[in-house]
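Asker: Under our numbering, the first residue of the sequence shown carries the number 73, and numbering increases by one thereafter. Okay, handing you the structure first.
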Amino acid sequence: MENNLILPALILVPFIAGFICWLVDKFDQHLPRWIALIGMLITFGLGIALWQSGTFSYEIGGKVPTWAAEFHLPWIQSLGISIHLAVDGLSLLMVLLTALLGVLAVGCSWGEIQKNVGFFHLNLLWSLGGVIGVFLAIDLFLFFFFWEMMLVPIYFLIALWGHSGSNGRSRVYAATKFFLYTQIAGLIMLIGILGLVVYGYMMTGMIGFDYNYLLAVANHLPPEVAYAFMLCFFIGFAVKLPVFPLHGWLPDAHAQAPTAGSVDLAGILIKTAAYGLLRFVIPFFPAASAQFADIAIILGLIGIFYGAFLAYQQTDMKRLLAYTSISHMGFILLAIYAGNILTFQGLMIMMLAHGLSSAALFIMSGQVYERLHTRDLRLMGGLRGQLQYLPFFLMFFVAALVGVPGLGNFIGEFLILMGSFKAYPTFTIIAAVSLVFAGLYGLILIHKALFGEPNPEQKQHYTSPLKDLSAREVSILMICAIGLLWLGLYPQTFLDMSHSSMQWLVNSYMPVQEVVETVQQAATQLEHVEMQ
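Below, the structure is given as structure tokens:
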């Protein structure tokens, strides 16, 4: 396959644009905003061009995935490291989501960031470039490079431009907590990567980090070694997803991050973890993953209820939204380890829909803060009677988040629950019950923010009448709303694009999963016979 230059361009454009933003800041503070916006629009346009030119529907076969486009350039040949980028339907949809939310992140920070504007946009765009690198890299050294690299600019986004948190927590505390959690998780994953490379060298006498090579190595590991390496990868991804009880960094990071940082975290960053589980854990360690499936699904169910319960108790709007992300990522874990085409396709829709709905709600949290100078729901009230557009959009995106039919989140949840019922009926019923709690925290958010009377204690801090949403703010929210309606009313566009790549993942996992389940059932029956 010929090298496709669009793939490196998708990564380079945000990095170059971010660097230019930093350089021109000394001349005019408005220039970095426009350069960042143009850079992300170019990135999104390149993704669309790749969608139009690539073939994402193909016959499934073979032990390695089929790529729609590739770029390969030798790098450190003595260690088997290369700049190897590739794209299929799964990764391209994630790249398009990243680029689109990057455009929205630049737009929503237009008036919020007033100091060090160039350096802010450098960090924002470099974090987005790192995320795109994660989605495209199929050399595991390059993948790990981007995985760790994107943490540094996000740290600066929170530490330098974040807000004061509740309970005396500072933005530096939140940034440091985020960095330590994810850095330690990354080191654990690095152990798994290096372990695969060492075993590959022992088997073949070659050192290599290429995806197809390490896939073959992983599928020939002793079962106990494969299980250990699988846990290393799982922990590395689980912290960033985040999975209960490894979620401690997320609420503080969201509460203190600037609006664009929250869009980056909720809409994009946590999707890299779900992508990693799909791209690496399931195909590399199918037998170990099937053995671990019950534990992973139980952790997901705990996360669903834990996140929903704590969201129900929050008074800070951004912390409430952060806990809803923990709850929704429990559904992602259920979808991955149920492991059939319905759950994988539902997972794809849910990642896209959650990215749009959560990003929109965090953007609206910033818009509310700009007008009321607080995110405390106890100090809100009566916004429905004072503003025209904001209440409508807030109700729309809360409805999307809790899974109202006609919007993308509903399609994702429906496919996941329908697909997982056959293999895990009890777990699926429990997960379905959690949707009631989602409705509760959604209603609480709407009721406290929009209805009732304005809080007299807070009303003295802002001018009346309140300023409604500007054309820029409405445009940003309209993009998210149109995306959610598209996902909810005609998801086939996205299902067709991801079907072949998801089917290959299912084929690499399902046969092994069925064998493991058969062995476990036989062992259980044998225990009953011995007891009798």
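Even glycine gets a Cβ: it sits at the ideal position worked out from N, Cα and C.
1. Where MET278 and ASP211 are concerned, what is the direct C-alpha to C-alpha distance, given to the nearest angstrom?
2. Taking the alpha-carbon of ILE265 as reference, which of GLY475, ALA108, TYR581 and PHE357 has the nearest alpha-carbon?
3. Find out if the Cβ-Cβ distance for the pair TRP321, TYR245 is shorter than 8 angstroms.
4. Do GLU545 and THR331 come within 8 angstroms of each other at the CB atom, strictly closer than that value?
5. Per DSSP, what are the beta-bridge partners of LEU145 in this structure?
6. Measure the Cβ-Cβ separation of PRO225 and SER242 and say whether it is below 8 angstroms.
7. Across which residues does DSSP place ALA209 in a beta bridge pair?
8. Assuming HIS426 is part of the alpha helix (DSSP H), what are its boundary residues?
9. Which whole-angstrom value describes the C-beta separation of ILE421 and ILE483, a residue pair presumed to lie in contact below a C-beta threshold of 8 angstroms?
10. Please state the DSSP three-state secondary structure of ASP366.
11. Excluding the five sequence neighbours on either side, which residues of its own chain have a C-beta within less than 8 angstroms of the C-beta of LEU561, listed in chain order?
12. Would you mind giving the Cβ-Cβ distance between ILE83 and GLY205, rounded to the nearest angstrom? I have them listed as a contact below 8 angstroms.
13. Does the region 312-320 come close enough to the region 394-410 that 3 or more CB-CB pairs lie under 8 angstroms?
14. How many angstroms separate the CA atom of ALA338 from the CA atom of LEU196?
15. Using 8 angstroms for Cβ pairs, my map puts PRO381 next to PHE509. What's the rounded Cβ distance?
16. According to the Cβ coordinates, are VAL167 and ALA108 closer than 8 angstroms?
17. I'd like the list of long-range same chain contacts for PRO607, defined as Cβ closer than 7 angstroms, with 5 residues on each side in sequence excluded.
18. Quick one: grab the DSSP three-state call for ASP282.
19. Just list the residues that DSSP pairs ASP388 with in beta bridges.
20. Thinking C-beta only, is PRO137 closer than 8 angstroms to THR115?
21. Is it buried or exposed for PRO323, if we count other Cβ within 10 angstroms and need 16 for buried?
22. Whose C-alpha, out of THR387, LEU517, GLN460 and LEU512, is nearest the C-alpha of ASP540?
23. Which runs of the alpha helix (DSSP H) fall wholly inside the region 282-321 and span at least 4 residues, in chain order?
24. Taking only beta-carbon positions, decide if PHE356 is within less than 8 angstroms of chain D.
25. Provide the residue span of the alpha helix (DSSP H) that contains GLU74, from first to last.
26. By the 10 Å Cβ neighbour count, where 16 or more other Cβ atoms means buried, how is SER102 classified, buried or exposed?
27. In whole angstroms, give me the CA-to-CA distance for GLY379 and LEU318.
28. CB PHE213 to CB ILE153, shorter than 8 angstroms?
29. Can you grab the Cα-Cα spacing for the pair LEU392 / GLU485, in whole Å?
30. Taking the straight line between their C-alpha atoms, what separation do you get for LEU165 and GLY308?
31. Which residues in the same chain as MET36 place their Cβ atom closer than 7 angstroms to its Cβ, once the five residues preceding and following it in sequence are excluded?
32. Apply the 10 Å Cβ neighbour rule to MET436 and answer buried if 16 or more other Cβ atoms are within range, or exposed otherwise.
33. Which of helix, strand or coil does DSSP assign to MET569?
34. Could you check if PRO28 is buried or exposed, using at least 16 other CB atoms within 10 Å of its CB as the buried criterion?
35. How big is the Cα-Cα spacing for HIS445 and LEU512?
Answerer: Checking against the coordinates, here is how it stands:
1. In a straight line, the C-alpha of MET278 is about 15 angstroms away from that of ASP211.
2. Nearest neighbour of ILE265 by Cα position, chosen from GLY475, ALA108, TYR581 and PHE357, turns out to be PHE357.
3. Against a cut-off of 8 angstroms, the Cβ pair of TYR245 and TRP321 comes out as no contact.
4. If you check the CB distance, THR331 and GLU545 do not come in under 8 angstroms.
5. ILE155.
6. No, the pair does not count as a contact, with Cβ atoms beyond the cut-off.
7. Looking at the DSSP assignment, ALA209 forms a beta bridge with LEU157.
8. Boundaries of the alpha helix (DSSP H) around HIS426: 413-444.
9. Between ILE421 and ILE483, the beta carbon gap of about 5 angstroms places them in contact (Cβ cut-off 8 angstroms).
10. Looking at ASP366 - three-state DSSP - the assignment turns out to be helix.
11. Only GLY478 meet the Cβ criterion.
12. That pair is a contact at about 5 angstroms.
13. The region 394-410 is in contact with the region 312-320.
14. C-alpha separation (whole angstroms): 14 angstroms.
15. For the record, residue 381 in the displayed sequence is Phe; it is not Pro. Contact flag correct, Cβ pair sits at about 7 angstroms.
16. Not a contact, by the Cβ cut-off of 8 angstroms.
17. In the structure displayed, the chain extends from 73 to 604; residue 607 sits before or after that span and is not available.
18. Per DSSP, reduced to three states, the secondary structure at ASP282 is strand.
19. Beta-bridge annotation (DSSP): ASP388 is paired with ASP448.
20. Here THR115 is not near PRO137, since their CB atoms are 8 angstroms or more apart.
21. Buried is the label assigned to PRO323, since at least 16 other Cβ atoms lie within 10 Å of its Cβ.
22. Considering only alpha carbons, the answer is GLN460.
23. You should have 283-290 and 295-312.
24. The chain inventory of the structure shown lacks chain D, comprising one protein chain alone.
25. Counting along the chain, GLU74 falls outside any alpha helix (DSSP H), and DSSP gives it neither H nor E.
26. A quick correction: the sequence has His, not Ser, at residue 102. HIS102 should be labelled exposed.
27. If I take the Cα positions, the gap works out to 12 angstroms.
28. The answer is yes: Cβ separation under 8 angstroms.
29. Rounded to the nearest angstrom, the gap between the Cα atoms of LEU392 and GLU485 is 20 angstroms.
30. Taking the straight line joining both Cα atoms gives about 23 angstroms.
31. Outside the shown range of the chain (73 to 604) lies residue 36, about which nothing can therefore be said.
32. MET436 comes out buried.
33. Looking at MET569 - three-state DSSP - the assignment turns out to be helix.
34. Given that the chain is displayed from residue 73 to residue 604, the structure contains no residue 28 and the question cannot be resolved.
35. Straight-line Cα distance between these residues: approximately 26 angstroms.
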